[in-house]
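First up is the structure itself, then whatever we jot down about it.
Residue numbers (my numbering): 1469 to 1931.
Below, the structure written as structure tokens:
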């Protein structure tokens, strides 16, 4: 048996790859694949001497034997998977391969689009070693909360993942690279877009990373954000950068990077409440709505089994987001797909009413008081009925009270921020089941990439 993890999950072009590997075989080799329109084999190492090592706990640095590999300097920015191959191993199993480790090669800022890999969220649900934030968590005293290690197998691929399987996709666990990100990236490349890549730890450490790009994209379930990561993305938008969120349950928890960047801590409950909820006064007191326009507390979740959904109802059919869709006000889309476009988790804006006949939704008069950013435009809404498994509490309302809805919207606090308000957008997009989902996606990408200058170039041009 063989397992491993990267010393650093993100590399600059030409930077050596360090893999920490444990195996009971006398030797192994590394076969690297680039994720594009499927896996593309790009490199293979010589045979390496194998060494055994014991697994540790979920909050520990596992300190497995390290192997350094010099990689070509001309590799494009992409998501790569290192397959750890023993002499008698079966063929590479792709996105389901347990003997593998995911890493990113960052770009040089030559593309307009930066794709953010949600590594913190992958590890929040990575229960390799016997625990994660959701099961048998290891406690941290300072900062207080639960702790998970980044230096163990898992983190997108090659680990054990906590959570219910998706009724509509039993082959790829949620909170892994395969479930949302791989699908969206494959769609991007098939349509001719040329993204460069980073992970959230890169944004944590580099305040100006986004400035080389016109658009940053986040997809699926980008739930866990550090304070520096959020600060840097919000500052990028204030300087004129654009962000598109094709996901939900976004920026719901604050995490703290500890152990010299090797672990995450998050406080998710206690006598004084959850100290690391972004929105609540017992937590950070900084509603995520100001970043994304929406929040999970106005939406909801449906984790198990088949779910019901009537799709989105269009609110502003003349907006550029809907150009070419032929959608009319109140008309539905995404209501007859599998999975349903709405779910499994949804973010929303505070709504006072959705007319069940016309589908017309009304933003609450006090929406700005609870964090909805000025100028937020309500583009589409999908009401979540009482059968949804979670409809969270929020300011002035108990759980399941008031209107809960997945909400699509856009606002411009400098640059432009667009959000769809649902996690499973990528799955419906990649399947091609609803042409309007693809057209909306292309409209958003093309519009936000059409800005002629990234913030870094715009600032450099100032006298």
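No residue lacks a Cβ here, since even glycine has one placed at the ideal position from N, Cα and C. Since this is a predicted model, take the numbers as computed values, not measurements.
{"Asked": "Could you give the DSSP three-state label for residue 1897: helix, strand or coil?", "Found": "helix"}
{"Asked": "Please give me, in chain order, every unbroken run of the beta strand (DSSP E) with length at least 3 that falls completely inside the region 1802-1880.", "Found": "1813-1816, 1819-1822, 1829-1831, 1845-1851, 1873-1879"}
{"Asked": "By DSSP, does residue 1509 sit in helix, in strand, or in coil?", "Found": "strand"}
{"Asked": "Classify residue 1587 as buried or exposed, calling it buried when 16 or more other Cβ atoms lie within 10 Å of its own Cβ.", "Found": "buried"}
{"Asked": "When you compare only the Cα positions, how much space is there between residue 1498 and residue 1853?", "Found": "49 Å"}
{"Asked": "Pair every Cβ in the region 1730-1740 with every Cβ in the region 1815-1827, then say whether three or more of these pairs are closer than 8 Å.", "Found": "no"}
{"Asked": "Is there contact here, the region 1899-1908 with the region 1793-1812, by at least three beta-carbon pairs under 8 Å?", "Found": "yes"}
{"Asked": "Alpha carbon to alpha carbon, what distance is there between residue 1567 and residue 1842?", "Found": "48 Å"}
{"Asked": "Along the alpha helix (DSSP H) that carries residue 1912, what are the first and last residues, could you check?", "Found": "1903-1917"}
{"Asked": "Hey, residue 1472 and residue 1489: beta-carbon distance below 8 Å or not?", "Found": "yes"}
{"Asked": "Mark residue 1782 as exposed unless 16 or more other C-beta atoms lie within 10 angstroms of its C-beta, in which case mark it buried.", "Found": "buried"}
{"Asked": "Between which two residues does the beta strand (DSSP E) harbouring residue 1471 extend?", "Found": "1470-1474"}
{"Asked": "Determine, using beta carbons only, whether residue 1760 and residue 1815 come nearer to each other than 8 Å.", "Found": "yes"}
{"Asked": "Which of the three DSSP states is assigned to residue 1923 in this structure?", "Found": "helix"}
{"Asked": "Based on DSSP bridge pairs, tell me the residues matched to residue 1647.", "Found": "None, per the DSSP bridge assignment."}
{"Asked": "Cutting at 7 Å between CB atoms, please list the residues of its own chain near residue 1836, excluding the five before and the five after it.", "Found": "1842"}
{"Asked": "Going by DSSP, name the residue or residues bridged to residue 1504.", "Found": "1506"}
{"Asked": "Determine the direct distance from the alpha carbon of residue 1584 to that of residue 1702, and round the result to whole angstroms.", "Found": "14 Å"}
{"Asked": "Kindly give me the distance between the Cβ atoms of residue 1482 and residue 1541, rounded to whole angstroms, as I take these residues to be in contact under 8 Å.", "Found": "4 Å"}
{"Asked": "Can you list, in chain order, the residues of its chain whose CB lies under 7 Å from that of residue 1758, leaving out five sequence neighbours each side?", "Found": "1839, 1841"}
{"Asked": "Relative to the C-alpha of residue 1546, which candidate in 1558, 1720, 1650, 1880 has its C-alpha closest?", "Found": "1650"}
{"Asked": "Residues in its own chain within less than 6 Å of residue 1602 by CB, not counting five upstream and five downstream?", "Found": "1630"}
{"Asked": "In whole angstroms, give me the CA-to-CA distance for residue 1875 and residue 1779.", "Found": "11 Å"}
{"Asked": "Alpha carbon to alpha carbon, what distance is there between residue 1728 and residue 1608?", "Found": "15 Å"}
{"Asked": "Per the DSSP calculation, residue 1537 is bridged to which residue(s)?", "Found": "1485"}
{"Asked": "Taking all protein chains shown into account, do 16 or more other C-beta atoms lie within 10 angstroms of the C-beta of residue 1627, making it buried, or fewer, making it exposed?", "Found": "buried"}
{"Asked": "Select from 1922, 1924, 1810, 1845 the residue whose C-alpha is nearest the C-alpha of residue 1894.", "Found": "1810"}
{"Asked": "With residue 1766 as the anchor, note down where its beta strand (DSSP E) starts and where it stops.", "Found": "1763-1769"}
{"Asked": "For residue 1864 and residue 1888, what's the separation of their Cα atoms in angstroms?", "Found": "25 Å"}
{"Asked": "What residue ranges within the region 1579-1603 form continuous alpha helix (DSSP H) runs of no fewer than 4 residues, ordered along the chain?", "Found": "1587-1592"}
{"Asked": "What number of angstroms, rounded off, separates the C-alpha of residue 1756 from the C-alpha of residue 1698?", "Found": "9 Å"}
{"Asked": "Quick one: is residue 1891 buried, meaning 16 or more other Cβ sit within 10 Å of its Cβ, or exposed?", "Found": "buried"}
{"Asked": "State the Cα-Cα distance for the pair residue 1657 and residue 1504, rounded to the nearest angstrom.", "Found": "7 Å"}
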